[in-house]
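Asks: Please see the structure below; I have some questions.
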Amino acid sequence: MAEYQTHDYDVLVIGAGGAGLRAAIEASAAGVRVGVITKSLLGKAHTVMAEGGIAAALSNVDERDNWRVHFADTMRGGQYINNWRMAEIHAKEAPARVRELEAWGALFDRTSDGRILQRNF
């Protein structure tokens, strides 16, 4: 019979993409024992492979870009049937979340002067 290792965790996160790792960080910050299971190499999950970018108004390319512009774009993209409260929270908080990711070591394409590269949608 095969031998198995057992581990004891308070929280078990399935998936090591951006959302899974963010959940693991938050759970760990709450002081619980966290395990992460991934079917691929750590750091090679879909988030980094998708290359779709992150929607956040950082004002790195156009100084007029701000959370209000992001919010309006999100609502228009959702044909105004989005939950506007959630879209507003996302638009306001997205820049801080991107800075968190950067502080944790996430890699982003850069402008020639070192800022996170953004593109218009």
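Heads up, our numbering is the position in the sequence shown plus 187, with the first residue counted as 1.
Here a beta-carbon is modelled for each residue, glycine too, at the ideal position from N, C-alpha and C.
What whole-angstrom Cβ distance do residue 245 and residue 303 have, given they're in contact under 8 Å?
Replies: That belief holds up - the Cβ atoms of residue 245 and residue 303 are roughly 6 Å apart, short of 8 Å.
Asks: Report the CB separation of residue 305 from residue 248 in whole angstroms; it is logged as a contact under 8 Å.
Replies: With a Cβ gap of about 5 Å, residue 305 and residue 248 count as contacting.
Asks: Please determine, among 253, 271 and 298, the residue with the shortest C-alpha to C-alpha distance to residue 283.
Replies: When only C-alpha atoms are compared, the closest one is 253.
Asks: Counting C-beta neighbours from all protein chains within 10 Å, is the total for residue 228 16 or more, i.e. buried, or is it exposed?
Replies: Burial call: exposed.
Asks: Spell out the partners DSSP gives residue 199 in its beta bridges.
Replies: Partner(s): 222.
Asks: If distances are taken between C-alpha atoms only, which option among 213, 188 and 190 comes closest to residue 200?
Replies: The shortest Cα separation from residue 200 among 213, 188 and 190 belongs to 213.
Asks: Under three-state DSSP, which class holds residue 272?
Replies: Reduced to three states, the DSSP call for residue 272 is helix.
Asks: Please classify residue 288 as buried or exposed, where buried requires at least 16 other C-beta atoms within 10 Å of its C-beta.
Replies: Its Cβ being crowded by 16 or more others within 10 Å, residue 288 is buried.
Asks: Reducing DSSP to helix, strand and coil, say where residue 212 ends up.
Replies: Helix at residue 212.
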